[in-house]
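Numbering (my numbering), first residue to last: 445 to 562.
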């Protein structure tokens, strides 16, 4: 099972990053997908979701700044993040929607750390 997020890094407030999530073809083609994040000391939260027919939704904190998209040829989901704020600092994960369950537990693949400095 592959849910590998990448593209994170250190950026100044107001900057941009594009995250990528590579997944298996079978997972990508049959699932809605989402981006989630977990800040230090906080619960994981949904940031943006996209359906197999490209219907998108966003958390209020992401609206107007983040854009989720998917590339069927590459089995990859993207999160373009603009006008980043220090409160966006978190580890970002991608997952299916509903979340993938393996052996009775929610599976979270490799996340990518986004750090926004003020």
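We put the beta carbon where it would ideally sit given N, CA and C, even for glycine.
Here the structure is a predicted model, which is why all the values come from computation and not from measurement.
Exposed or buried, residue 532, counting other C-beta atoms within 10 Å across all chains shown (16 or more means buried)?
buried
For residue 551, does the count of other Cβ atoms within 10 angstroms reach 16, so buried, or fall short, so exposed?
exposed
Per DSSP, the bridge partner or partners of residue 462:
524
Between 509, 487, 497 and 492, which has its C-alpha nearest residue 475's C-alpha?
497
Have a look at residue 471 and residue 505 and give me their C-alpha separation to the nearest angstrom.
27 Å
Extent of the continuous alpha helix (DSSP H) run through residue 470:
469–474
C-beta atoms of residue 527 and residue 451 nearer than 9 Å
no
Thinking residue 492 and residue 502 are a contact (beta carbons under 8 Å), I'd like their distance in whole angstroms, please.
5 Å
What are the boundary residues of the beta strand (DSSP E) that residue 561 is part of?
556–561
Report the option in 454, 537 and 519 whose CA atom is closest to the CA atom of residue 478.
537
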